[in-house]
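Asker: Read left to right, the sequence shown gives residues 1 to 171 (the UniProt record's numbering).
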Amino acid sequence: MTDFRRQRTDLIVFQALRNLLKTELFSDITVNQIAQKALIHRNTFYHHFDDKYNLLHRFIIYSLNEASNDVDVSMFSKHPFIVIRGLYDTSYQKIFDFQSRDAEFSKVFADCFFELFVQDMQDADNIWAMGKISSILTWNRFNGNPYDMFNDYLVLDQIFTTKQFPMLDDN
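(1) Hey, which unbroken runs of the alpha helix (DSSP H) at 4 residues or more fall wholly within the segment 11-72?
(2) Find the nearest neighbour of residue 173 within the set Ile127, Lys132, Gln158, Gln15, judged by alpha-carbon distance.
(3) Could you compute how far the alpha carbon of Asp97 sits from the alpha carbon of Phe76?
(4) Check whether the segment 39-47 touches the segment 97-107, counting contact only when three or more Cβ pairs, one atom from each stretch, lie closer than 8 Å.
(5) Could you give the first and the last residue of the continuous alpha helix (DSSP H) run that contains Lys132?
(6) Closer than 8 Å is the cut-off here; do at least three beta carbon pairs connect the segment 145-157 with the segment 77-88?
(7) Count the other CB atoms, across all protein chains shown, that sit within 10 Å of the CB of Leu21; report buried if there are 16 or more and exposed otherwise.
(8) Within 10 Å of its beta-carbon, does Ile95 have 16 or more other beta-carbons around it, so buried, or fewer, so exposed?
(9) Report the option in Ile127, Ser134, Trp128, Gly86 whose CA atom is closest to the CA atom of Ser106.
(10) Put Gln93 into one of helix, strand or coil per three-state DSSP.
(11) Are the beta-carbon atoms belonging to Phe142 and Met130 less than 8 Å from one another?
(12) For the alpha helix (DSSP H) containing Phe160, name the first residue and the last one.
(13) Which word fits Ile127, buried or exposed, when buried means at least 16 other C-beta atoms lie within 10 angstroms of its C-beta?
(14) In its own chain, which residues sit with a C-beta less than 6 Å from the C-beta of Arg8, not counting the 5 before and 5 after it?
(15) In the structure shown, what three-state DSSP assignment does Pro146 receive?
(16) Just tell me which of Glu104, Leu11, Asp152, Pro146 has its CA closest to the CA of Asp169.
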């Protein structure tokens with residue numbers, strides 16, 4: 001009985017976070033906002049989650065598991081950003097659009113994506129691909145995130161396949 005109650009509360013909080021992520025940057029969302037939106041007490045939130053980052057992590061893992069059923073992940077080692085784009089084309093598109101420039105959200109999303117794909121990987125090519133993706137995302141972050149992982153996926157995929165970073169304007 002308790003497991004069902006816990007699952008139900010988790011899903012209610014996930015739904016509240018999902019709704020907030022469509023209109024508020026993750027970095028601006030507070031635990032109080034999440035609790036109010038979920039119609040739960042703050043203490044209940046902390047009974048289920050360590051903090052908002054733990055909530056986001058669990059929400060993203062849950063969402064990626066749902067979305068990966070609709071995406072061909074066999075292409076991952078050759079064209080990972082196209083696979084990521086496939087995840088984007090799910091019901092989470094509005095969230096990805098709104099959160100695309102939030103560095104905190106992007107970091108947690110990338111960490112969750114890596115965690116999810118690495119745990120199922122037996123193919124060494126996929127593990128090497130993860131390293132290349134991490135390098136590309138780090139380069140992108142250090143250059144002020146000029147490329148959005150969901151909208152500029154073809155550019156990022158070209159960087160992945162050619163192993164060449166484009167020249168950026170100094171403007």
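By construction, the Cβ of each residue, glycine as well, lies at the ideal position given by its N, Cα and C atoms. Bear in mind the structure is a predicted one, so any value in this text is a computation, not a measurement.
Answerer: With the structure as the only source:
(1) Runs of the alpha helix (DSSP H) lying entirely within the segment 11-72, each at least 4 residues long, are 31-38, 42-48, 52-67 in chain order.
(2) Given a span of 1 to 171 for the chain in the structure shown, any question on residue 173 remains unanswerable.
(3) Between the alpha carbons of Asp97 and Phe76 lies a gap of roughly 22 Å.
(4) Output reads no: the segment 97-107 does not touch the segment 39-47.
(5) Per DSSP, the unbroken alpha helix (DSSP H) holding Lys132 starts and ends at 124-142.
(6) They touch, by the three-pair rule.
(7) Buried.
(8) Flag for Ile95 reads buried.
(9) Looking at the Cα atoms, Ser134 is the closest of the given residues.
(10) In this structure, Gln93 counts as helix in the three-state DSSP scheme.
(11) At the C-beta level, Phe142 and Met130 stay beyond 8 Å of one another.
(12) In the DSSP annotation of this structure, the continuous segment of the alpha helix (DSSP H) that includes Phe160 starts and ends at 153-162.
(13) Burial call: exposed.
(14) Nothing meets the Cβ criterion.
(15) Coil, per DSSP.
(16) Among Glu104, Leu11, Asp152, Pro146, the Cα nearest to that of Asp169 is on Pro146.
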